[in-house]
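Protein chains in written order, with the working numbering: chain A, 39 to 437; chain B, 201 to 525. Have a look at the structure below before the remarks.
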Amino acid sequence: MDLRYSESDERFRGELRKWLAEAVPAHGPPPPAHDWAARRAYDTGWQRKLHDAGYAGIHWPTEYGGRGASPTEQLVYHEEMARAGAPYIGVNFVGMLHGGPTLVAEGTPEQKARHLPRILRGEEVWCQGFSEPGAGSDLAALQTRAVRDGDDYVVTGHKVWCSFAQVADFGELLVRTNPEVPKHQGITWLVLPMDRPGIEIRPLPTLAGEGEFSEVFLEGVRVPVANRVGAENDGWRVTNVTLRFERGTAFAMEIIQLGEFVAGLARVAKRVTRHHAPAWEDAGLRREIGRAAAEVDALWAMVKLSVCKASATGVPGLEGSAVKLHYSELYQRVTELGLRLLGRAALSRDDVAGLPVKPLLFEALKSLNATIAAGTSQIQRNIVGERILGLPREPRARS
Amino acid sequence: MDFRLSQDQEALREGIRVFCAGRFPTERLPELGKQGTLDRELWRELAEMGVFSLRRPEQEGGVGLGCAEAVLVFAELGRRLVPGPLVWTQLAAEWLPPAASGERVVTGLDRANGEPHLVEHLAVADAVLVLRQDGVHRVDPQTLRAEAVATPLDPLTPVHHVLELAAGERLAGPEAATRLRLEGAALAAAQLLGIAEATQELATAYASQRHQFGRAIGSFQAVKHLLADAYVRQELARAAVYAAGATLDDPEVGDVARAVSAAKLVAGEAALANARTCIQVHGGMGYTWEVPAHFYLKRAWVLENAFGTAAHHADDVATGLATRA
């Protein structure tokens, strides 16, 4: 039960901290959320800097250009990135955390050579094409059809919640190649070049008012068979390999950022007033901030426990569902607390009276997605109940 | 960093778990509750297991282990609702060797908790440890003016209302009192973790075998999700309690006071909420005396009020944040 980072972890921390101290201020502030061209340039520019300094793909294997960092080095990495206020992963998210790792595990040598170095250098942006209007939590019910025609698949369908589609070069696309078999057995994983004819991208503004998501309509889009990852109809298994890369570090970055957010709330509480005194003097509000900080600490300890277990066994444990459940609900509770601290200042979404209203409001709205994306809280509770506690399953619907 | 339990720690936990399961089976709880007094024989057996001498150095006859091991042991004591002033006696072992060996039972009182002063297990105590602003004191129970409470909340935790507190003998200064509050909070948090685990497990087992509408009630999402939440709270508490133990042993890895406060707060919440869930999942039977779910909730309430409540620790964490900001 040892929480002490090793000497080599601390050496890694020292080097990274030194590099970040210069690199972060030099990269400047992020562009406005609606300016997608500028955001792509900003995020991929940061990715390039990470690459050139040897920090790109912290969890990717070294043979594919990654850092191959140990799980505890990854924790150090997230701690230091948050501490330095480094740019978020942004438009590099799908390539770095989903598409790239999937190619590492399942791609052909040609696919790896073509995409992996470019993703690492920030030259290639990916988006996700998994969910559909009729396939959300029940992802395997997806209907987008792909029909083989010579050396191509001809793809027709409708994808939603495609993050970063408007600036993406490639998409990770799940299609149905066999509608005659049980739903999990007829799915195929394709690399979709986003410049093909027949692709229409329509922004789907979120309740936060930003255009992070798009709908993607595919009408007879020809995708070369060479872009298939894994075997035909084996796509469901391929989608699950991404998890192999996850060694209990999922949500590490988000939890560290939440800790910074809570510390920021303490600063806000001293600047806003309630009943003619700083809100900080309100014991109720103050305790809520203290309690949130304690819960973030507990979550971070949970991540450490999970990472140490996974690095000993080589497989991530199921407790990731428990981390995700608590993180996402705590995130919402904490951002809601931010709104309550702001009081009537939260009637604005722009900064007012020198208060950081804009980021607090943005987080409060964005957090509503946390209990939905990547497995809703209800799905996570089923996973915990059935796979961890061993409770009897829900009756299965026909598949 | 390897935050997992070492093999020795696993073995220690297993040993105390097996011992407690044999001596304090859940079925015995109602009977133990009626007994109303502490079994001195059991107390000596706990001492032989090293419960009280755990953190004493080996040259003084102790086990020579740290807080990391102590939280593992106390989680197991909590899981079986082992009665007695366990935390106070372990804390007192630093000054009173007979406490370490199980010959003396030591209870305690923290003046910072405010009044009225209710002291646990006073009738069987050989000494009372009192935490005051100026330090740690030992008070002879005979010199206290106290009235036994006829009906204690937790049937396994008899209490006295102390009306007048004698001065006693000063054992150590204010730093020791502060340290004992932290160590005591960590050990109480560990017991709360044990309660959170035990109640989740009891409820899950019941939901798996209890049938209504022709199906096990645990297959219904409405019930399953209650239990999933109980599991999440338990695991969060486990991480926080282990972190508190590890940080007390190696203060360079974190902020000791903050780690302990987080553990006490999160584990208290987990124990209270899971014990309530346990009663709820048991339905009508959960409201009976016969089903032991209520013993866990009552003990959790006792421990929530020991070594700082959730509100107290939330305030401490907040104050720490403000100092850093």
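Note that CB positions come from ideal geometry on N, CA and C, so glycine has one too. Source: prediction; values computed, not measured.
Out of curiosity, what's the CA-to-CA distance linking residue i and residue j?
| i | j | result |
| --- | --- | --- |
| A/Glu333 | A/Ala59 | 29 Å |
| B/Ala440 | B/Val218 | 24 Å |
| A/Gly104 | A/Leu154 | 9 Å |
| A/Gly101 | B/Val273 | As written in the sequence, residue 101 of chain A is Glu, which differs from the Gly given in the question. A/Glu101 and B/Val273: Cα-Cα distance of roughly 45 Å. |
| B/Arg438 | A/Pro147 | 44 Å |
| A/Met232 | A/Val193 | 13 Å |
| B/Ala221 | B/Arg280 | 7 Å |
| A/Gly52 | A/Phe400 | 32 Å |
| B/Cys267 | B/Gly445 | 5 Å |
| B/Gly520 | A/Arg325 | 12 Å |
| B/Trp501 | A/Arg305 | 33 Å |
| B/Glu347 | B/Ile479 | 32 Å |
| A/Gly376 | B/Thr523 | 20 Å |
| B/Gly468 | B/Glu504 | 6 Å |
| B/Ser343 | B/Gly308 | At residue 343 of chain B the sequence reads Thr, which differs from the Ser that was named. Each residue's alpha carbon lies about 14 Å from the other. |
| B/Pro341 | B/Asp326 | 7 Å |
| B/Ala270 | B/Val466 | 18 Å |
| B/Gly486 | B/Thr404 | 13 Å |
| B/Gln290 | A/Leu393 | 49 Å |
| A/Gly258 | A/Lys197 | 14 Å |
| B/Ser461 | B/Leu392 | 13 Å |
So which residues on chain B does residue i lean against when the C-beta distance must stay under 7 Å?
| i | result |
| --- | --- |
| A/Thr414 | The contacting residues do not exist; A/Thr414 stays about 12 Å from chain B at best. |
| A/His364 | Val432, Leu436 |
| A/Asp40 | Met201, Asp202, Phe203, Ala446 |
| A/Arg324 | Asp515, Ala518 |
| A/Ser44 | Met201 |
| A/Ala360 | Tyr431, Val432, Glu435 |
Cβ atoms of residue j and residue i: under 8 Å apart, would you say?
| i | j | result |
| --- | --- | --- |
| B/Val287 | B/Ala388 | yes |
| B/Ala292 | B/Arg256 | no |
| A/Ala330 | A/Val372 | yes |
| A/Glu210 | A/Trp274 | no |
| A/Val129 | A/Pro99 | no |
| A/Pro354 | A/Gly428 | no |
| B/Leu353 | B/Gly233 | no |
| B/Thr399 | B/Ala463 | no |
| A/Leu337 | A/Leu303 | no |
| A/Leu144 | A/Val361 | One point to set straight first is that residue 144 of chain A is Glu, not Leu, in the sequence displayed. Going by C-beta atoms, A/Glu144 is not nearer than 8 Å to A/Val361. |
Does DSSP classify residue i as helix, strand or coil?
| i | result |
| --- | --- |
| A/Asp47 | helix |
| A/Arg42 | coil |
| B/Phe224 | coil |
| A/Ser344 | helix |
| B/Leu521 | helix |
| A/Arg240 | strand |
| B/Tyr431 | helix |
| A/Ile417 | helix |
| B/Gly478 | As written in the sequence, residue 478 of chain B is Cys, which differs from the Gly given in the question. It is helical. |
| B/Pro451 | helix |
| B/Phe495 | helix |
| A/Phe400 | helix |
| A/Val390 | strand |
| A/Ile426 | helix |
| A/Trp227 | strand |
| B/Ser419 | helix |
| A/Cys165 | strand |
| A/Tyr93 | coil |
| A/Phe131 | helix |
| A/Asp272 | strand |
| A/Asp320 | coil |
Which residues in chain A sit within 9 Å of residue i, going by Cβ to Cβ distance?
| i | result |
| --- | --- |
| B/Lys424 | Arg419, Asn420, Val422, Gly423, Glu424, Leu427, Leu429, Pro430, Glu432 |
| B/Thr404 | Gly423, Leu427, Gly428, Leu429 |
Determine the chain A residues that contact residue i at a beta-carbon separation under 8 Å, and present them in chain order.
| i | result |
| --- | --- |
| B/Leu521 | Val300, Ala301, Ala304, Ile327, Gly328, Ala331 |
| B/Ser408 | Gly428, Leu429, Pro430 |
Quick one: which chain B residues come within Cβ less than 8 Å of residue i?
| i | result |
| --- | --- |
| A/Glu438 | The structure shown does not extend to residue 438 of chain A, since chain A is modelled only from 39 to 437, so the question has no answer here. |
| A/Leu337 | Leu436, Ala439 |
In chain C, which residues lie less than 8 Å from residue i when you measure between Cβ atoms?
| i | result |
| --- | --- |
| A/Trp318 | Checking the listed chains, one finds no chain C in this structure; the protein chains it contains are A and B. |
* To do: Give, in chain order, every residue of the stretch 486 to 507 of chain B whose Cβ lies closer than 7 Å to some Cβ of chain A.
  => none
* Interface residues of the stretch 393 to 408 of chain A facing chain B [CB-CB below 9 Å] -> none
* To do: Below 7 Å between beta carbons is the criterion; list the residues of the stretch 108 to 122 of chain A that meet it against any residue of chain B, in chain order.
  => Thr110
* **Residues within the stretch 329 to 342 of chain B neighbouring chain A, beta-carbon criterion of under 8 Å** => Closer than 8 Å at the C-beta level to chain A, one finds no residue of the stretch 329 to 342 of chain B.
* Check each residue of the stretch 450 to 475 of chain B: if its Cβ is closer than 8 Å to any Cβ of chain A, include it; give the result in chain order. => Asp450, Glu452, Val453, Gly454, Arg458, Ala459, Ser461, Ala462, Ala463, Leu465, Val466
* Asked: At a Cβ cut of 9 Å, what residues of the stretch 161 to 176 of chain A count as close to chain B, listed as they run along the chain?
  -> none
* Asked: Using a Cβ cut-off of 9 Å, which residues of the stretch 221 to 248 of chain A contact any Cβ in chain B, in chain order?
  -> Taking 9 Å as the Cβ-Cβ cut-off against chain B, none of the residues of the stretch 221 to 248 of chain A qualify.
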